[in-house]
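2 protein chains.
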Amino acid sequence: MPRNLSEADVKAFRDRLCRAAERRFAAHGAQGVSMRQLAAELGCAATTPYRYFADKDEILAAVRAAAFDRFAAALEEANTASGDARAKSRAVGEAYLRFAMSEPDAYRLMFDMAQPDENRFPDLKRATARARRTMTAYIEGLVREGWIKGDPKLLGYVFWAGIHGLVVLHLAGKLGGAPDFATLHRTMMRLLAEGTFAPQAAPQQDMSQQRPPRRAAGRRR
Amino acid sequence: MPRNLSEADVKAFRDRLCRAAERRFAAHGAQGVSMRQLAAELGCAATTPYRYFADKDEILAAVRAAAFDRFAAALEEANTASGDARAKSRAVGEAYLRFAMSEPDAYRLMFDMAQPDENRFPDLKRATARARRTMTAYIEGLVREGWIKGDPKLLGYVFWAGIHGLVVLHLAGKLGGAPDFATLHRTMMRLLAEGTFAPQAAPQQDMSQQRPPRRAAGRRR
DNA sequence: TGCTTTCATGAACGCTGTAAATTTACACTG
DNA sequence: CAGTGTAAATTTACAGCGTTCATGAAAGCA
């Protein structure tokens, strides 16, 4: 019988490769990294990784799944913050931004990439589901405690899209730094949260009819 | 003197190539299209395009600039809609979404791509500036007429990020179609707009202190 | 008709991801 | 301990990539 890789050996190699891949993906983009470079860094032949991964896409998927898991872990940890739902949501929001800003490449790897047929990679699917669950969970707490009002699922997507939009525009350098990011983020959150208390418009009726502009009003507080 | 390409000839070839490139970029992604394929479709040698473009990136930049111009034109046209600022903003918002949904690849080419050193391509820079100007212009109208309240520049970025976040998540298939997109978009716009009338929080004071949850209030209307 | 200059081309270079053939090295058997 | 079978690693090879450069074709002027 020949030598046979133990499960631990396989995991060790895969981990080593993923670490190298993530660093290089971050530096040069997933597509600016070649198998030969990766192999050289690992000190093995160019084709050796093919015993541990089906192809380059599978490496990318593994790296993305790892990023999703780190992201989810950060959010889950933040969600254990003491205090009411509002405090928790602040902590989670901060963790979200902290991750996006400190690991922009990982963030891009996660959300700024439409990897085709993600179903090929069950582990990636699991990790994305975990991250998503954590992200939207805290919205339910906010609704439950009355800090915002509305359908948690709907609001979850809207809040997520709002933050995500800011982050990707920021990471792409499209915000030009005009208003600083913290202001943008605070404004986005404040508008969305406060907006949930506005009376729901009558669905689909002719809202575009003339109606006098309002000039603020001051609700309360 | 030898034959000399007229300016019109150059423009004709560039346009022809850009049309083919855009179609193929849309179908297979900018990076899944090779110069050889492109040249084959044009019926010329693989290296002929290099007389008209410095490299593949310049082709991409030209295609992106064209997309930005079409996008800006659509928004500008919508901005001439009759009615007050609110009607205009509705028209512009619809034009934005219509473009994103009917030409998702062009949208991704425009916003979902961090082309390095865009300054290399002045025409691209011009086209992006034009699109951005149109996008944020209508916010000023809304503020001027009192439909929303606040700093137009800040609000412009926030509204843009909100829409953009929804669109990219939708295009990336990350919304799962749970709430339909129209609902998400309507909600986002409503929350942001109504939120601008909420009293501004006192800046930076300890807002995370306990404060009783509010259970709606109903502002007016 | 020739000369000159511009444009188009084909060949070639150094890459890429990866399949297939080949070599290496280990664990077991006689 | 030598021998052997086979998993693992390497080498080789291929098709394709973006791009450069020497070469050939065509066109205007003398």
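Protein chains in written order, with our numbering: chain A, 1339 to 1559; chain B, 1339 to 1559. Just so it is clear, CB atoms sit at the ideal spot from N, CA and C, and this is done for glycine as well. From a predicted model like this one, the values you see are computed outputs, not experimental measurements.
Checklist entry - What is the rounded straight-line gap between the Cα of residue 1502 (chain B) and the Cα of residue 1499 (chain A)? => result 8 Å
Next on the checklist: Taking its Cβ as the centre, do 16 or more other Cβ atoms sit within 10 Å of residue 1508 (chain B), making it buried, or is it exposed?
Outcome noted: buried
Next on the checklist: Does the CB of residue 1476 (chain B) have a neighbour CB from chain A at under 8 Å?
Outcome noted: no
Checklist entry - According to the Cβ coordinates, are residue 1536 (chain A) and residue 1462 (chain A) closer than 8 Å? => result no
Checklist entry - Hey, does residue 1401 (chain A) have any beta-carbon neighbour from chain B nearer than 8 Å? => result no
Next on the checklist: Let me check understanding here. Comparing Cα to Cα, which of B:1447, B:1517 and B:1391 lies closest to residue 1365 (chain B)?
Outcome noted: B:1447
Checklist entry - Cβ of residue 1371 (chain A) less than 8 Å from any chain B Cβ? => result no
Checklist entry - Under a CB-based cut-off of 8 Å, is residue 1587 (chain A) close to chain B? => result Nothing about residue 1587 (chain A) can be reported from this structure: the residues present for chain A run from 1339 to 1559 only.
Checklist entry - Which runs of the alpha helix (DSSP H) spanning at least 4 residues fall entirely within the region 1407-1493 of chain B, listed in chain order? => result 1423-1440, 1442-1449 and 1460-1482
Checklist entry - Do the region 1348-1368 of chain A and the region 1423-1431 of chain A touch if we need at least three Cβ pairs shorter than 8 Å? => result no
Next on the checklist: Assuming residue 1518 (chain A) is part of the alpha helix (DSSP H), what are its boundary residues?
Outcome noted: Segment: none, residue 1518 (chain A) is in no alpha helix (DSSP H) and carries neither H nor E.
Item to check | Residue of A:1490, A:1506 and A:1345 minimising C-alpha distance to residue 1452 (chain B) | outcome: A:1506
Next on the checklist: What are the residues in the region 1510-1526 of chain B lying within 8 Å of chain A by C-beta distance?
Outcome noted: 1510, 1511, 1512, 1513, 1516, 1517, 1521, 1522, 1525 and 1526
Item to check | Exposure label - residue 1385 (chain A); buried when at least 16 CB within 10 Å | outcome: exposed
Checklist entry - If you follow the alpha helix (DSSP H) that residue 1375 (chain B) is part of, which residue opens it and which one closes it? => result 1373-1380
Next on the checklist: So, does the region 1521-1537 of chain B touch the region 1510-1524 of chain A, judging by three or more C-beta pairs under 8 Å?
Outcome noted: no
Checklist entry - What number of angstroms, rounded off, separates the C-alpha of residue 1515 (chain B) from the C-alpha of residue 1515 (chain A)? => result 33 Å
Item to check | Check whether residue 1427 (chain A) and residue 1480 (chain A) have beta carbons under 8 Å apart | outcome: yes
Checklist entry - Rounded to a whole number of angstroms, what is the C-alpha to C-alpha distance between residue 1434 (chain B) and residue 1352 (chain A)? => result 44 Å
Checklist entry - Would the region 1466-1473 of chain A and the region 1406-1422 of chain A be scored as touching if the rule is three or more Cβ pairs under 8 Å? => result yes
Next on the checklist: Can you look up residue 1393 (chain A) in the DSSP assignment and give me helix, strand or coil?
Outcome noted: coil
Next on the checklist: Can you tell me whether residue 1497 (chain B) is helix, strand or coil according to DSSP?
Outcome noted: helix
Item to check | Within chain A, partners of residue 1394 (chain B) - CB distance below 9 Å | outcome: In chain order: nothing, as chain A lies at least about 13 Å away.
Checklist entry - If we cut at 8 Å on Cβ distances, does residue 1532 (chain A) have a partner in chain B? => result yes
Checklist entry - Under a three-way DSSP split, which group does residue 1383 (chain A) fall into? => result coil
Checklist entry - Does any heavy atom of the ligand PLP sit closer than 7 Å to the C-beta of residue 1520 (chain A)? => result No copy of the ligand PLP occurs in the structure displayed, which carries no ligand at all.
Item to check | Where the region 1480-1498 of chain B meets chain A: residues whose CB sits under 7 Å from a CB there | outcome: 1483, 1484, 1485, 1487, 1491, 1492, 1495 and 1496
Next on the checklist: Determine whether the beta carbon atoms of residue 1355 (chain A) and residue 1388 (chain A) lie at a separation below 8 Å.
Outcome noted: no
Item to check | Range covered by the alpha helix (DSSP H) that runs through residue 1368 (chain B) | outcome: No alpha helix (DSSP H) contains residue 1368 (chain B), which DSSP labels as neither H nor E.
Next on the checklist: Please classify residue 1439 (chain A) as buried or exposed, where buried requires at least 16 other C-beta atoms within 10 Å of its C-beta.
Outcome noted: exposed
Checklist entry - By a C-beta neighbour count over all protein chains shown, 10 Å radius and 16 as the cutoff for buried, is residue 1511 (chain A) buried or exposed? => result exposed
Checklist entry - Do residue 1495 (chain A) and residue 1430 (chain A) have their CB atoms nearer than 8 Å? => result no
Next on the checklist: I need the straight-line Cα distance from residue 1530 (chain A) to residue 1347 (chain A), nearest angstrom please.
Outcome noted: 49 Å
Next on the checklist: When you compare the CB positions of residue 1562 (chain B) and residue 1486 (chain B), do they come within less than 8 Å of one another, or not?
Outcome noted: Given that chain B is displayed from residue 1339 to residue 1559, the structure contains no residue 1562 (chain B) and the question cannot be resolved.
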